[in-house]
Amino acid sequence: MKDTIMIVDDSKELRKVIKLYLENAGYETIEAENGKMALEILKEKDISLMILDIMMPEMDGFEVLDALGEDRKFPVIFLSARGKVEDKIKGLNLGGDDYISKPFDPGEVVARVMAVLRRNQRSMKKQIVVGSLKWDVENRVVYLGDKILELRAKEYKLLTLFIEAGQGVYQAGNI
Numbered sequence: 001m002k003d004t005i006m007i008v009d010d011s012k013e014l015r016k017v018i019k020l021y022l023e024n025a026g027y028e029t030i031e032a033e034n035g036k037m038a039l040e041i042l043k044e045k046d047i048s049l050m051i052l053d054i055m056m057p058e059m060d061g062f063e064v065l066d067a068l069g070e071d072r073k074f075p076v077i078f079l080s081a082r083g084k085v086e087d088k089i090k091g092l093n094l095g096g097d098d099y100i101s102k103p104f105d106p107g108e109v110v111a112r113v114m115a116v117l118r119r120n121q122r123s124m125k126k127q128i129v130v131g132s133l134k135w136d137v138e139n140r141v142v143y144l145g146d147k148i149l150e151l152r153a154k155e156y157k158l159l160t161l162f163i164e165a166g167q168g169v170y171q172a173g174n175i
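Just so you know, the UniProt record's numbering puts 132 at position 132 of the sequence shown, and the rest follows in order with no gaps.
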């Protein structure tokens, strides 16, 4: 399944150029001309990554990111004419995963999309979430909600077995 990239920018020409480059690189794209439209589309569609302009009418990119909340399941790359260091720092501190200043090279946008998706996929492999149970595989820590579960070695091994093996019935001799 191809990754789907949402391009949110009020410039139709800019969306068209980025769309062309991303589709040539093998990605599917969805376009939105403003933040409100992007949020509406996200009610119906799942995406892998969002490219988000900051200066747009009705709802700017920072407001869109805030509306998405901390539970968003995809990375966001800001693409903005606001190229001052303070703007970049603000965008990254608010939760952006990367920041590209306009004018830009479309090839660089594609390369950054690829890099952010790689990082995101690596970090997703290191964490498994089942309901309110979160397992940090790399650090061998299990959370129930926000609370760390203190598991003995045998309990941790059992949890690992059950999560990695999926659904099924286990006989005592096989555990």
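Cβ coordinates follow ideal geometry from the N, Cα and C atoms, glycine included.
How should Lys19 be labelled, buried or exposed, when 16 other C-beta atoms within 10 angstroms of its C-beta is the threshold for buried?
As a first step, residue 19 must be located in the sequence shown, where it is residue number 19. Answer is buried; the Cβ neighbour count reaches 16.
Can you give me the start and stop residues for the alpha helix (DSSP H) that Met37 sits inside?
Along the sequence shown, read from residue 1 onward, the residue named residue 37 stands at position 37. Gly35 to Leu42 is the span of the alpha helix (DSSP H), which, as asked, contains Met37.
What three-state label does DSSP hand Val110 in the structure shown?
Indexing the sequence shown from 1 puts residue 110 at position 110. Val110 falls in the helix class under three-state DSSP.
Report the CB separation of Lys45 from Ile30 in whole angstroms; it is logged as a contact under 8 Å.
Against the sequence shown, residue 45 aligns to sequence position 45. Against the sequence shown, residue 30 aligns to sequence position 30. The Cβ separation is near 6 Å, so the contact holds.
Of the residues Leu22, Lys12, Val8 and Asp3, which one's Cα is nearest the Cα of Glu108?
For the purposes of this step, residue 108 is identified with residue 108 of the sequence shown, where counting begins at 1. Selected option, being the one with the closest Cα: Leu22.
Report the three-state DSSP secondary structure of Ala115 (helix, strand or coil).
In the sequence shown, counting from the first residue as 1, residue 115 sits at position 115. Ala115: helix per DSSP, three-state reduction.
Candidates Ala153, Glu33, Asp87 and Asn24: which alpha carbon is nearest Arg140's?
Walking along the sequence shown from the start, residue 140 turns up at place 140. Minimum Cα distance to Arg140 is reached at Ala153.
Of the choices Ile51, Leu133 and Glu150, whose alpha-carbon is the least far from that of Phe162?
Taking the first residue of the sequence shown as position 1, residue 162 is located at position 162. Selected option, being the one with the closest Cα: Leu133.
Tell me the residue span of the beta strand (DSSP E) that contains Val17.
The count along the sequence shown starts at 1 and reaches residue 17 at position 17. Careful: Val17 lies outside any beta strand (DSSP E), inside the alpha helix (DSSP H) at Lys12 to Asn24.
Starting from Thr4, follow its DSSP beta bridges and name the residues at the other end.
Here residue 4 corresponds to residue number 4 of the sequence shown, with the count starting at 1. Glu28, per the DSSP bridge assignment.
Neighbourhood of Arg82 by C-beta, 6 Å cutoff - its chain only, sequence neighbours within 5 removed
On the sequence shown, residue 82 is found 82 positions in, with the first residue counted as 1. So the list reads Ile54, once near-sequence residues are dropped.
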